[in-house]
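A quick write-up on the structure given underneath.
Numbering (this note's numbering), first residue to last: 865 to 1268.
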């Protein structure tokens, strides 16, 4: 066990300190920081507290009841100034006392249009707050509970066609987006980490390090240690990205009122992890086995396609899978290990997956992960006996049956 952790620690340090890894690690956070900076600049530009005037010929604003401040709004309150006639409002605008003014016609309640006059574009903060100001005064003549309901607007609940309530709109969006985004992150992580793992095995084959290591550690322990080390590298990358993504979300949530609150469905997160973790182990084992088969890195592209193409197949068949998440094709692809990860995540995004199908899919993924790790150890042992040339499938088959 000690040797296994030594190999894992060595692989982790070797890859984390690479210049390419550090560039890839920091590239996404830098983009997110740039997005946060642009968002902050846009919010700051809109947060103008110059007063806004209004001329009310309809009489609905005669009481001038101010709108309560919104907890979700990132903008400071904008003063609303009343003028008896448009000439006075125009004089205030010309003098720079107000940013612009609104004119409510006498037939406003019958459908008359509100006229807005300004020299520079009316900021979003002023527009939103004047609309809230009008709504508050329109609702003032109603009973308090009716007025409150008018101001809050409808509370949305989404119901799936099967008749099962799916919850509020924000919750439904999260249930739809999180599995899909998890699948995208999975593919990015697999391609990056799989490349590291195959490269690590090839490097040690080319410089004969494996022959030296074989005198003190078994091929299975060596391969497991490498996978654990590379797994830690991938988790470092994903956690940094997710952490920056969470900070970005919290920033926009605090500064933009239309961003829904973060309501984590821990049951859904557990299901996503139950798919992602064995998938990572399975693909890592297969990529390591490919690296152990080859004698040169240039040969790897053809064989890695046998792994990556089935993984990407669900994305190619989105038009068939999304409208029919419970079709025989969707069920079959969510059970076959190489197509199961993305297919299952897509099905989790767009509906409920029967428990037996999810259990069967994750069980087969776990068995495939164990099998791929076992195969990688076998291929590595055979590869040490066949130095300098690519292994043939017949040799791997004989070795897997214990006759090599």
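By construction, the Cβ of each residue, glycine as well, lies at the ideal position given by its N, Cα and C atoms.
Under the three-state reduction of DSSP, which class applies to residue i: helix, strand or coil?
i, result
"residue 944", "strand"
"residue 1010", "helix"
"residue 968", "strand"
"residue 1188", "coil"
"residue 1131", "helix"
"residue 851", "Residue 851 falls outside the range modelled here, since the chain spans only 865 to 1268, and no answer is possible."
"residue 982", "strand"
"residue 918", "strand"
"residue 977", "coil"
"residue 960", "coil"
"residue 1080", "coil"
"residue 1054", "helix"
"residue 881", "coil"
"residue 1203", "coil"
"residue 992", "helix"
"residue 1028", "Because the pLDDT at residue 1028 is just 46, under 50, the model does not fix this residue reliably, and the value given afterwards should be weighed accordingly. Looking at residue 1028 - three-state DSSP - the assignment turns out to be coil, as it is neither helix nor strand."
"residue 1267", "Legend: pLDDT at residue 1267 = 49, less than 50; position of this residue unreliable, value from coordinates given subsequently. Correct three-state label for residue 1267: coil."
"residue 931", "coil"
"residue 939", "coil"
"residue 1033", "Note that residue 1033 scores a pLDDT of 49, beneath 50, so its modelled location is shaky and nothing firm can be said."
"residue 925", "coil"
Pick out whichever of the options has its Cα sitting closest to the Cα of residue i.
i, options, result
"residue 1150", "1058, 1102, 1000, 885", "1058"
"residue 944", "950, 914, 923, 960", "914"
"residue 1240", "1207, 1217, 1157, 1141", "1157"
"residue 888", "1189, 955, 1097", "1097"
"residue 893", "876, 1056, 1107", "1107"
"residue 873", "926, 1146, 1102, 1092", "1092"
"residue 1136", "878, 877, 1217", "1217"
"residue 1228", "1186, 1185, 1199, 933", "1199"
"residue 1172", "1148, 1213, 1009, 1230", "1148"
"residue 1246", "1176, 1100, 1082, 1231", "1082"
"residue 1179", "1194, 1190, 1168", "1194"
"residue 1060", "1212, 1090, 1185", "1090"
"residue 1131", "1212, 1002, 1049", "1212"
"residue 1190", "1182, 1215, 965, 1183", "1215"
I'd like to check one pair, residue j with residue i: are the Cβ atoms closer than 9 Å?
i, j, result
"residue 930", "residue 994", "no"
"residue 1113", "residue 1053", "no"
"residue 972", "residue 922", "yes"
"residue 1084", "residue 1238", "yes"
"residue 1225", "residue 1146", "no"
"residue 1153", "residue 1244", "yes"
"residue 968", "residue 925", "yes"
"residue 981", "residue 954", "yes"
"residue 1010", "residue 932", "no"
"residue 1088", "residue 871", "yes"
"residue 1233", "residue 1142", "yes"
"residue 1231", "residue 1140", "no"
"residue 912", "residue 987", "yes"
Label residue i either buried or exposed according to how many other C-beta atoms from any shown protein chain fall within 10 Å of its C-beta, with 16 as the threshold for buried.
i, result
"residue 868", "buried"
"residue 961", "exposed"
"residue 1242", "buried"
"residue 1197", "buried"
"residue 918", "buried"
"residue 883", "exposed"
"residue 1188", "exposed"
"residue 1105", "buried"
"residue 1155", "buried"
"residue 940", "exposed"
"residue 905", "exposed"
"residue 875", "buried"
"residue 1029", "Only weak support is given to the placement of residue 1029: the predicted model assigns it a pLDDT of 43, under 50, and the question is left unresolved by the model."
Would the segment 895-902 count as touching the segment 940-957 if we require 3 or more Cβ pairs under 8 Å? no
Within 8 Å, do at least three Cβ pairs link the segment 1220-1230 to the segment 1198-1210? yes
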